[in-house]
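**Q** This is the structure I have questions about; it appears just below.
Chains as they are written, first to last, in the numbering used here: chain L, 28 to 203; chain R, 28 to 203.
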């Protein structure tokens, strides 16, 4: 299945900046059965995880995370760019491949003891995911797993993933 | 069901600007069974629509649209803020409640003859949805329906919805 889905990922040279090969997942999303197959494969991977919440990162992460939360009947918590969430929020700074940024989470989004899957579209350098881990753990919740549709293994982001727990289960459906 | 789901929508006064009452859907999303019930109700409404594509608008629209596309086995097409889509895109300007803006769609996202449901989180003044209609119709596709989780009826956005087709079926799950 992996090769079949990979045929629906498009290479975009020099986006968002010179020298970067961007993996465009929109042709996969535009293929209804392929989109469903990808989400079902992620849901199957997590079927015995015990997680009760899916946390996802704006904006492409919402596409994968919301479909997965719906599929698994889990809670969905959006992490957003600064100033976008309407209620009192906590913030985590992050280093991205393309510069500095931050993400925020509603202060009441998670309860202590919540078991969380952090879901995003891509694992690149790991900066965004580390900020998400920080927000989840600061709320007293635990990270049951980190799941992405695509992993850019050549950026070695997996080795950069870190937080209080020390060790994280990382699952990527499509590896590059 | 409508009243039960409405209890999970939070009023945020003066967001994003003074005098505006923002309807915060995150408590509903954070309730797994409620989120599932909301998406299932929208899927049931469109079960005989004949649409083959769900088009949704960044970023909250992705949460509703992606879950619905997954649920119905349809294609998912994201409309994004300018500069965010990696491939060649077409743009539509829009007037929002809070100022001017624009959204873009990949030039190959839709085929002539595609039957589209435009799905967003909210119908406010209708500006964003009109821009989405324009992008869909410019691609030669038809708008089978417009569906939102919440409708702010007091802004009369429904009366502002317009495009080539002239008449649109608008469905909102929760009305204010």
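Just so you know, even glycine gets a beta-carbon here, dropped at the ideal spot from N, CA and C.
Which class does residue 41 of chain R belong to by DSSP, given the choice of helix, strand or coil?
**A** Coil at residue 41 of chain R, not helix or strand.
**Q** I need the straight-line Cα distance from residue 72 of chain R to residue 78 of chain R, nearest angstrom please.
**A** The straight-line gap from Cα to Cα measures roughly 12 Å.
**Q** At a CB-CB cut-off below 8 Å, which residues of chain R make contact with residue 51 of chain L?
**A** Within 8 Å Cβ-Cβ: 113, 114.
**Q** For the region 92-103 of chain R, which residues have a beta carbon sitting closer than 7 Å to at least one beta carbon of chain L?
**A** Result list: 93, 94, 96, 97, 98, 100, 101, 102, 103.
**Q** Strictly under 8 Å for the Cβ-Cβ distance: is residue 105 of chain R near chain L by that measure?
**A** Yes, its Cβ sits closer than 8 Å to a Cβ of chain L.
**Q** Can you tell which of R:150, R:156, R:32 has its C-alpha closest to the C-alpha of residue 64 of chain R?
**A** Selected option, being the one with the closest Cα: R:32.
**Q** Any residues in the region 163-184 of chain R with a beta carbon nearer than 9 Å to a beta carbon of chain L? Which ones, in chain order?
**A** Residues: none.
**Q** Count the other C-beta atoms from every protein chain shown that fall within 10 angstroms of the C-beta of residue 127 of chain L, then say buried if there are 16 or more, exposed otherwise.
**A** The residue is exposed, with fewer than 16 neighbouring Cβ atoms inside 10 Å.
**Q** Please identify, using Cβ separations under 7 Å, the residues of the region 71-87 of chain L that lie next to chain R, in order along the chain.
**A** Here the close residues are 85, 86.
**Q** If you scan the region 149-196 of chain L from start to end, which runs of the beta strand (DSSP E) of 3 or more residues do you find wholly inside it?
**A** Entirely contained in the region 149-196 of chain L, the beta strand (DSSP E) runs reaching 3 residues are, in chain order, 169-178.
**Q** Quick one: which residues of the region 133-148 of chain R get their C-beta closer than 9 Å to a C-beta of chain L? List them in chain order.
**A** From the region 133-148 of chain R, only 133, 135, 136, 137 have a Cβ closer than 9 Å to chain L.
**Q** Just the C-alpha distance for residue 156 of chain R and residue 193 of chain L, rounded to the nearest angstrom, thanks.
**A** So the two alpha carbons sit approximately 45 Å from each other.
**Q** Quick one: grab the DSSP three-state call for residue 50 of chain R.
**A** Three-state DSSP puts residue 50 of chain R in a strand.
**Q** Do residue 17 of chain R and residue 188 of chain R have their CB atoms nearer than 8 Å?
**A** Residue 17 of chain R lies beyond the stretch modelled for chain R, which goes from 28 to 203, so this question has no answer here.
**Q** Could you check if residue 113 of chain L is buried or exposed, using at least 16 other CB atoms within 10 Å of its CB as the buried criterion?
**A** With 16 or more other Cβ atoms within 10 Å, it is buried.
**Q** Report the three-state DSSP secondary structure of residue 87 of chain R (helix, strand or coil).
**A** Three-state result, residue 87 of chain R: helix.
**Q** Could you tell me which chain L residues have their CB closer than 7 Å to the CB of residue 63 of chain R, listed as they occur along the chain?
**A** Chain L residues near residue 63 of chain R: 97, 100.
**Q** Confirm, please, whether the CB-CB distance from residue 62 of chain L to residue 97 of chain R is below 8 Å.
**A** Contact flag set, yes.
**Q** Rounded to the nearest angstrom, how far is the Cβ of residue 130 of chain L from that of residue 121 of chain L, given a contact under 8 Å?
**A** So it is a contact: roughly 7 Å between Cβ atoms.
**Q** Who are the near neighbours of residue 92 of chain R in its chain, counting only those whose CB is closer than 6 Å to its CB and skipping five residues on each side?
**A** The answer, listed in chain order, is 81, 83, 146.
**Q** Taking the C-alpha atoms as reference points, what is the distance between residue 57 of chain R and residue 103 of chain L?
**A** Cα to Cα, the separation comes out at about 5 Å.
**Q** Quick check: residue 68 of chain L and residue 95 of chain L, are their CB atoms within less than 8 Å of each other?
**A** Not in contact: residue 68 of chain L and residue 95 of chain L (Cβ atoms no closer than 8 Å).
**Q** Excluding sequence positions up to five away, which residues of its chain have a Cβ less than 7 Å from the Cβ of residue 180 of chain L?
**A** So the list reads 202, 203, once near-sequence residues are dropped.
**Q** Measuring alpha carbon to alpha carbon, tell me which of R:29, R:136, R:53, R:28 ends up nearest residue 39 of chain R.
**A** Cα-wise, what sits closest to residue 39 of chain R is R:53.
**Q** How would you list, in chain order, the residues of chain L whose beta-carbon sits under 9 Å from the beta-carbon of residue 37 of chain R?
**A** Those are 113, 114, listed as they occur along chain L.
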